[in-house]
Ligand SMILES: [Zn+2]
């Protein structure tokens with residue numbers, strides 16, 4: 096399946112641009128299906144044309160002090176809502192700790208409650224790491240990739256792939272699962288935070304994990320751990336949470352961050368060191384709380 100079109104360049108008026116940017120920050124990088132439909136009608140464009148024109152808004156959220164390569168990605172969720180994402184790099188840390196734009200957008204859709212995605216628009220070809228990350232999606236075979244005005248099915252980007260089923264895992268990322276009994280909730284964390292831990296995706300190590308970032312003005316941002324059958328493109332919860340903060344137009348800086356909390360499973364813990372490494376990349380002592388959950392999953 097290959098289709099291409101001469102994509103229209105939309106000249107958004109200044110107040111339109113400001114409105115889109117403001118909406119994205121208010122919703123942690125989401126535009127509703129209703130708003131998208133309204134924009135399509137207003138500018139008389141297809142969804143693909145609109146997505147292509149919105150990619151620069153996604154790339155504006157990029158934090159890339161190492162590469163200066165600003166990736167913007169937009170996921171179309173099963174609901175029709177759009178979820179934005181951008182790459183996130185950490186100075187003076189292993190390059191393997193970075194968050195890719197596609198991971199950011201997919202994690203964003205997941206954190207907003209989507210259980211499937213139909214399309215991913217990107218402003219640069221997905222790297223091999225991201226192709227493997229996308230392959231973990233339960234709906235991977237049905238995802239279209241919009242790149243340079245062309246739409247290709249994801250399968251064309253990753254033939255002869257290795258994925259969850261090869262390890263006997265029939266669920267896949269974005270499968271909606273609550274893994275933990277409510278009785279296991281530690282009293283130190285909120286129900287919302289516990290639900291993030293419970294719905295994280297750790298079919299291989301069983302280390303259910305989530306990270307919460309609290310800002311001094313009372314905002315809360317979450318990230319969920321997302322493992323991968325190939326292991327290495329797994330997404331750590333802190334990076335996912337920082338991405339949510341950045342998509343809200345904020346910065347991870349001393350005057351903003353009240354507390355970072357990591358919750359993971361006792362006796363399996365594999366996120367503490369990577370979390371500490373990312374926190375060390377910032378030029379201030381980040382307030383940090385660590386909570387272990389005990390379960391017999
Ligand atoms: Zn990538």
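Residue numbers (my numbering): 96 to 392.
For every residue, glycine included, the Cβ atom is placed at its ideal position computed from N, Cα and C.
Quick caveat: nothing in here was measured; it's all calculated off a predicted structure.
Expected contact under 8 Å - CB spacing of residue 171 and residue 195 to nearest Å
Rounded, the Cβ-Cβ distance is 18 Å, inconsistent with contact.
Taking the C-alpha atoms as reference points, what is the distance between residue 382 and residue 189?
22 Å
Are the CB atoms of residue 357 and residue 377 within a distance shorter than 7 Å?
no
Taking 6 Å as the limit, tell me which residues put their C-beta closer than that to any heavy atom of ligand 1, in chain order.
195, 197, 221, 222, 224 and 225
Using beta-carbon positions only, say whether residue 319 and residue 291 come within less than 7 Å of one another.
yes
Evaluate residue 254 with the Cβ neighbour count: other Cβ atoms within 10 Å of its Cβ, from every protein chain shown; 16 or more gives buried, anything less gives exposed.
exposed
With DSSP collapsed to three states, give me the class of residue 225.
helix
Determine the burial state of residue 276: buried for a count of at least 16 other Cβ atoms within 10 Å of its Cβ, exposed for fewer.
exposed
Using CA coordinates, which residue listed in 345, 390, 332 and 362 is at the minimum distance from residue 374?
332
Residue range of the unbroken alpha helix (DSSP H) whose run includes residue 290
286 to 293
Is the beta carbon of residue 217 closer than 7 Å to that of residue 204?
no
When burial is assigned at 16 or more other CB atoms within 10 Å of the CB, is residue 298 buried or exposed?
buried
Please report the distance separating the alpha-carbon of residue 360 from that of residue 304.
7 Å
Less than 7 Å between the C-beta atoms of residue 232 and residue 269, yes or no?
yes
Can you tell me the Cβ-Cβ gap for residue 339 and residue 116, rounded? I've got them flagged as a contact below 8 Å.
Not quite, the Cβ-Cβ distance comes to about 16 Å (not below 8 Å), so this is no contact.
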